Amino acid sequence: MNVIEHETSMWRYADLFSESERVHRVSLGEGFTPVLDAPRLAASLGCKRLVIKDESQNPTGSFKDRSASYTVTKAVQEGAHGITLQSTGNAAASFAVYAARAGIACHAIVPADVLDINVEQILRVGARLTKLDDWRRASQFCAEVARDSGFTNVSAANTPHRAHAKRSLGFEIVEQSAATVPDAIFCPTGGGLALLSMEKAFETLIFPDGDVGFPRLFACQYSGCAPIARAYAQGANEVTPWGAIDTPRGGMRTPSPSLGARVLNAVSRGGAFAIAPQAAARLALDAARRDGLLVGLECGVALAALEAALKQGGLERDLSIMVINTAGPFKLDPEYMLSLHAGQNM
1 MNVIEHETSM
11 WRYADLFSES
21 ERVHRVSLGE
31 GFTPVLDAPR
41 LAASLGCKRL
51 VIKDESQNPT
61 GSFKDRSASY
71 TVTKAVQEGA
81 HGITLQSTGN
91 AAASFAVYAA
101 RAGIACHAIV
111 PADVLDINVE
121 QILRVGARLT
131 KLDDWRRASQ
141 FCAEVARDSG
151 FTNVSAANTP
161 HRAHAKRSLG
171 FEIVEQSAAT
181 VPDAIFCPTG
191 GGLALLSMEK
201 AFETLIFPDG
211 DVGFPRLFAC
221 QYSGCAPIAR
231 AYAQGANEVT
241 PWGAIDTPRG
251 GMRTPSPSLG
261 ARVLNAVSRG
271 GAFAIAPQAA
281 ARLALDAARR
291 DGLLVGLECG
301 VALAALEAAL
311 KQGGLERDLS
321 IMVINTAGPF
331 KLDPEYMLSL
341 HAGQNM
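All residue numbers for the sequence shown refer to full-length UniProt numbering, where the first residue is 1 and numbers rise by one.
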C-alpha cells in the first residue's frame, strides 16, 4: 500500500487516487475516520472484540462524503458546471456541500419525507432542492433535470466514481488494522455499494489469490426494505424488487438494488439480515450507554444483525468484529431520536 503519510484524509492512498486527482481535489478532509473499541457492548453481545468504524466524523456526518469528494473532483475535471442527483437524503446533502466547495451548482432530488437536517445542509449551501411525493419518479425526474440543465447526473447508478471513492474505506480498514482485517464486517446496506467497494479493496490489497483470511461480509437492512436479505434467506442468486417500503425516514431505502446479485455473492461467506427498527434503536442506545458511542440508527441495524448472528450460532464468539457506523446520530428520524432517550419502542 502506497501511503502519503502526511495526508490525513482518504486522499492519502496514492494507489487509489492519481497525482492529478489529488492536486485538483475537492475536499473537506473526508475519510481516515477512527476505529473505536466497544468493549462493554462486545461483552453484552458475547463476542471477543467489537470495533466501530466511525464514518459519522466525516464533514457532513456520513460516509457519503467519500463519494461526493471524488465524484465532484472528477466532474469539475471533466468541465461540469453543475451536478444533479436523486437521493433519500444523506448523499444529497453531501453532494450539495461538495458542489459548493467546488463552486458549481447542485440540484438535489429527494423524497417528500426527507430528514430536516439534510434539507438544512442542502439549502444552507445554496443548492436547489426538489421534493417528490412519488419516489418512483426520481430516476426519470433526475434524468430530465440533467438533460434540461446540462448538469452532470451523479446519482449512484450513473457514475463509477462513487464506488471507486468508497474503496478508500477498505484501504483504511486494512491500514488501521495493521494489515490484519477483522474476521467479520457488518455494514448497513441499501444498494450495497459500500460492501462491494470494501470487497474490491481487500482483494486488491491483501487477498489477490484467494479468500483465506478474507473477512466475512454481512449486509444489514431494515425489515421494511430488505430485498437483499430476503434473497439471501431464500437462497436466490438474484434480487427481486421490494414492495411497499416501511422504514424510518432516512437512508437504506433501495427497493431494487441494481447490484443485488453481486452483493449476494459478496456476502455468501457471511450473511444478510433484515432488522426491525425497534431492535436497531435498542442497540444504538446500548452503544451510547455502554461505551459512549453516538451511532446512527443504521449502525443500530448492523449491531442488531451482529446480535442475531451470534444468537443463531452462525458466527463464532471468539472472532474480531467490525461494524460500520455510516452516519451520525442526528441523521435519523427525530421520532426515533426521542424513542432512544425515552426508552420507547425498545
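Heads up, the beta-carbon is just placed ideally off N, CA and C, and yes, glycines get one too. Bear in mind that the values here come from a model prediction, so they are computed numbers and not experimental data.
>> Alpha carbons only, please: which of G296, W11, T71 is nearest the one belonging to H161?
In response: T71
>> If I follow the unbroken beta strand (DSSP E) through K53, where does it start and stop?
In response: 49-54
>> Within a Cβ cutoff of 7 Å, which residues of the same chain sit near Q312, ignoring the five residues on either side of it in sequence?
In response: none
> Can you tell me whether DSSP reads D275 as helix, strand or coil?
Replying inline: According to the sequence shown, residue 275 is Ile rather than Asp. Three-state DSSP puts I275 in a strand.
> By Cβ distance below 6 Å, which residues in the same chain neighbour R249 in space, the five residues on each side in sequence not counted?
Replying inline: D113, L115, D333
> Taking the alpha helix (DSSP H) that G170 falls in, what are its first and last residues?
Replying inline: 161-176
>> Quick check on DSSP: helix, strand or coil for G260?
In response: helix
> To which residues of the same chain is T73 closer than 7 Å at the C-beta, ignoring the five residues directly before and after it?
Replying inline: E21, H24, R25, V26
>> Taking the beta carbon of M10 as the centre, do at least 16 other beta carbons fall within 10 Å, making it buried, or is it exposed?
In response: buried
> Three-state secondary structure (DSSP) at S44?
Replying inline: helix
> Within 10 angstroms of its Cβ, does N325 collect 16 or more other Cβ (buried), or is it exposed?
Replying inline: buried
> Roughly how far, in whole angstroms, is the beta-carbon of F273 from the beta-carbon of A244, given that I think they are within contact range, below 8 Å?
Replying inline: The Cβ separation is near 20 Å, so there is no contact.
> Hey, how far is the Cα of D134 from the Cα of K200?
Replying inline: 34 Å
>> Do A68 and Y98 have their beta-carbon atoms positioned less than 8 Å apart in this structure?
In response: yes
> Among M198, I206, F186, which has the Cα closest to the Cα of A178?
Replying inline: I206
> Beta-carbon separation of A231 and L264 under 8 Å?
Replying inline: yes
> Is it right to say T247 is buried, meaning 16 or more other beta carbons lie within 10 angstroms of its own, or is it exposed?
Replying inline: buried
> Where do the ends of the beta strand (DSSP E) carrying F188 lie?
Replying inline: Note that residue 188 corresponds to Pro in the displayed sequence, not to Phe. Its beta strand (DSSP E) spans residues 184-188.
>> Pairs of beta-carbons, one from the segment 80-99 and one from the segment 145-162, closer than 8 Å: are there three or more?
In response: yes
> Comparing alpha-carbon positions, which option in A236, R253, D54, R49 lies nearest W242?
Replying inline: R253
> Under a three-way DSSP split, which group does S320 fall into?
Replying inline: strand
> Between P182 and P227, is the Cβ-Cβ spacing less than 8 Å?
Replying inline: no
> Between which two residues does the alpha helix (DSSP H) carrying R216 extend?
Replying inline: Run containing R216: none in the alpha helix (DSSP H); it sits in the beta strand (DSSP E), 216-222.
> By DSSP, does I314 sit in helix, in strand, or in coil?
Replying inline: Per the sequence shown, residue 314 should be read as Gly rather than Ile. Coil, per DSSP.
> Given that a residue counts as buried once 16 or more other Cβ atoms are within 10 Å of its Cβ, and exposed if not, what is R216?
Replying inline: buried
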